[in-house]
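In order, the protein sequences belong to chains A and B.
Here the first sequence is numbered in my numbering, starting from -7 and rising by one per residue.
Here the second sequence is numbered in my numbering, starting from -7 and rising by one per residue.
The beta-carbon is built from N, C-alpha and C at its ideal position, and this holds for glycine as well.
There are 2 protein chains.
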Amino acid sequence: MRIGELSRRTGVSVPTIKYYVREGLLQAGQLTSPNQASYSELHERRLRLIRALIDVGGLSVAAVAEVLAAVDDPARPVHRVLGTASTRIAVERGDDGEGEKEAARGEVEAFLARRGWCVDRSHPAVESLVGAVTALARVGHGSLFAEVLDDYADAVEGIARADLDYVGRRVAVEDLVESVVIGTVLGDAVLAAMRRLAHVDASVRRFPPA
Amino acid sequence: MRIGELSRRTGVSVPTIKYYVREGLLQAGQLTSPNQASYSELHERRLRLIRALIDVGGLSVAAVAEVLAAVDDPARPVHRVLGTASTRIAVERGDDGEGEKEAARGEVEAFLARRGWCVDRSHPAVESLVGAVTALARVGHGSLFAEVLDDYADAVEGIARADLDYVGRRVAVEDLVESVVIGTVLGDAVLAAMRRLAHVDASVRRFPPA
């Protein structure tokens, strides 16, 4: 199909498609004449994935490029790709006071050790967690992490089991890796929305309107 | 304190502090001379909250302004403020095909009815969930929502209970509302990081390295 048709099918404008090609997110179409290229269903599928990661997952174009590089490298064994796909999605934030950060790191270390999670301490999500715990301390809610810790951990262990079951039911390896990426990024959006709804339900029950 | 001291304590630059004042996120300091203002600990606390919502929560300046307006209105009964604080944080995304969106809405409605969650169908998080489920369908993972639904719901019910317990232990109402905002936004960051770590742990156990 031509780029106009690809744009119509996906709702992504032609200049944006060209931008993704320039940034290496989307392969260039097959040239059919010096100034015309043809795009396939694979382009369409990839483009939908890019949009979902950006629109719903809130990833930057640079982060999407990194995630797709991991998806496209067939040399990686499954568990490494799973690790990498999760890794690239980690938020990097927080540049606050070093003392609070070291205290937060101690809390996170103790938490990981107590739960017995097999996680490399250099995993970027460890750093994200340390950043979030540091931010909580700086706004005077340093105890939140300690108070909700094990309830959250129980919950995410259940979520991770469901996520891995979902991924395990996918057949082809390229589908599998894509599933991990989609499940991780869009799963976050699903969970955040569901958590807000569960808050509403729980507060209405605890504080019934007059 | 002067604005320079406020900047030093919080790590937020003076022009950024002035920008927050212009945008209505932060109250202006008390004028002590025609071109000098004095800031209090309350300013410092509010500024830390603003930075946490932006840096760790990923909220826009406009979204922070809406959340803070809800925090600052003492006329709202607790359960409405809880609802509003969660509400304002909802992500608004997705503008895709109407057919897929209506199908996703049907799935979300059926899910809410089955779980018996007391949630107004006009709650913005319902729309966020519909958007995320629509995006999943468009990338060929429409079954993810159905497959992980009840495991996710069990998990977020546990999380919501822990969150409400945390909030319930706070004493003053203004602290309570601030706790909800902080817990919701920073809690999302904590949960996303923990979910990635739980993924790593679960994949290493299921697919052990050779």
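Inspect the beta-carbon positions of residue i and residue j and report whether they are closer than 9 Å.
i: Ala62 (chain A); j: Val169 (chain A); result: yes
i: His203 (chain A); j: Ser171 (chain B); result: Residue 203 (chain A) is absent from the structure shown; chain A starts at -7 and stops at 202.
i: Val173 (chain A); j: Leu17 (chain A); result: no
i: Leu39 (chain A); j: Tyr12 (chain A); result: yes
i: Leu183 (chain B); j: Val118 (chain A); result: no
i: Ala147 (chain A); j: Ala147 (chain B); result: yes
i: Ala194 (chain B); j: Arg113 (chain A); result: no
i: Glu149 (chain B); j: Asp157 (chain A); result: no
i: Ser120 (chain A); j: Ala185 (chain B); result: yes
i: Ile151 (chain A); j: Arg187 (chain B); result: yes
i: Gly91 (chain B); j: Arg198 (chain A); result: no
i: Val196 (chain A); j: Cys110 (chain B); result: yes
Spatial neighbours of residue i within its chain, please: CB distance less than 6 Å, with the 5 preceding and 5 following residues excluded, ordered by chain position.
i: Thr8 (chain B); result: none
i: Asp155 (chain B); result: Gly175
i: Pro69 (chain B); result: Only weak support exists for where Pro69 (chain B) lies, its pLDDT of 49 falling under 50; the value from the coordinates is given anyway. Closer than 6 Å at Cβ, skipping near neighbours: no residue.
Might you give, ordered along the chain, the residues of its own chain that have their beta carbon closer than 8 Å to the beta carbon of residue i, omitting 5 neighbours on each side?
i: Arg1 (chain B); result: Met(-7) and Glu36
i: Asp87 (chain B); result: With a pLDDT of only 44 at Asp87 (chain B), under the threshold of 50, the placement of this residue in the model should not be trusted, and no figure is reported.
i: Ile(-5) (chain A); result: Val6, Ile9, Lys10, Gly21, Ala29 and Tyr31
i: Arg162 (chain A); result: Leu168 and Ser171
i: Thr24 (chain B); result: Ser30
i: Glu(-3) (chain B); result: Tyr31
Residues in the same chain with beta-carbon distance under 7 Å from residue i, minus the five sequence neighbours each way, listed in chain order, please.
i: Ala96 (chain B); result: Val122, Val125, Thr126 and Ala129
i: Gln22 (chain A); result: Ala29 and Ser30
i: Leu178 (chain B); result: Ala44, Val48 and Gly49
i: Leu136 (chain A); result: Leu128
i: Ser5 (chain A); result: Ser(-1)
i: Leu214 (chain B); result: Nothing about residue 214 (chain B) can be read from this structure; chain B reaches only from -7 to 202.
i: Gly98 (chain A); result: none
i: Glu15 (chain B); result: Val53 and Ala57
i: Val131 (chain B); result: none
i: Lys93 (chain A); result: Val122 and Thr126
i: Leu34 (chain A); result: none
Mind checking which residues open and close the beta strand (DSSP E) that includes residue i?
i: Ser(-1) (chain A); result: Premise fails: Ser(-1) (chain A) lies in the alpha helix (DSSP H), Ile(-5) to Thr2, not in any beta strand (DSSP E).
i: Ser25 (chain B); result: Gln22 to Ser25
The alpha helix (DSSP H) that contains residue i, what's its start and end?
i: Ala29 (chain B); result: Run containing Ala29 (chain B): none in the alpha helix (DSSP H); it sits in the beta strand (DSSP E), Gln28 to Ser30.
i: Asp47 (chain A); result: Glu33 to Asp47
i: Gly123 (chain B); result: Pro116 to Arg130
i: Glu58 (chain A); result: Val53 to Val63
i: Pro7 (chain B); result: Val6 to Arg14
Flag this pair as touching only if the region 134 to 153 of chain B and the region 100 to 119 of chain A have three or more C-beta atom pairs under 8 Å; answer yes or no. Between the region 134 to 153 of chain B and the region 100 to 119 of chain A there are fewer than three C-beta pairs closer than 8 Å, too few to call the two in contact.
Runs of alpha helix (DSSP H) lying entirely within the region 135 to 195 of chain B, each at least 4 residues, in chain order: none
Ranges of the alpha helix (DSSP H) found wholly within the region 86 to 113 of chain A, counting only runs of at least 4: 90 to 107
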